[in-house]
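**Q** First, the structure itself, so that you have it in front of you.
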Amino acid sequence: MGNSLAGPTGSSPALVTGAAAAAEAGVAPATVRKWVQLGHLEAAGRQGRTHLYRLEDVFAAERATRGRGRRG
139 MGNSLAGPTG SSPALVTGAA AAAEAGVAPA TVRKWVQLGH LEAAGRQGRT
189 HLYRLEDVFA AERATRGRGR RG
C-alpha cells in the first residue's frame, strides 16, 4: 500500500502521490504536473509537502487529454 492512503473504513477514495498517480495512468510524472498546471487535475490533499491525488480524478484527466498529442 506504500503510496496509497485510504480512509479509516476503506470507503474513502484512495489518495496517491503524483509519482504513483503517473504510474497508474501510464504517463510520466511531468505529465501529471502539466495536468495540474492546465487545470485538468487538482490535488485532493497533502502529506507534508507532497500533493496527493484521487485516482478517479487522475483517470478522468487522462481521458480528457487522451489523443491530444504534440503538434509537430
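Residue numbers (our numbering): 139 to 210. Using N, Cα and C, we set each Cβ at its ideal position, and we do this for glycine too.
Would you mind stating whether G199 and L190 have Cβ atoms separated by less than 8 Å?
**A** Along the sequence shown, one-based indexing puts residue 199 at 61. Along the sequence shown, one-based indexing puts residue 190 at 52. At residue 199 the sequence reads Ala, which differs from the Gly that was named. No. Outside cutoff.
**Q** Could you spell out the range, first to last residue, of the alpha helix (DSSP H) harbouring G156?
**A** Here residue 156 is taken as the residue at index 18 of the sequence shown, counted from 1. Where G156 is concerned, the enclosing alpha helix (DSSP H) stretches over G156 to A163.
**Q** Between the alpha carbons of V154 and V165, how many angstroms are there, rounded?
**A** Residue 154 sits at position 16 when you count from the first residue of the sequence shown. Residue 165 sits at position 27 when you count from the first residue of the sequence shown. Approximately 14 Å, taken between the alpha carbons.
**Q** Run through DSSP, which three-state label would L176 get?
**A** The sequence position of residue 176 within the sequence shown is 38, counting from 1. Helix, per DSSP.
**Q** If distances are taken between C-alpha atoms only, which option among R171, T188, A163 and A168 comes closest to R260?
**A** No answer is possible for residue 260: the residues shown for the chain start at 139 and end at 210.
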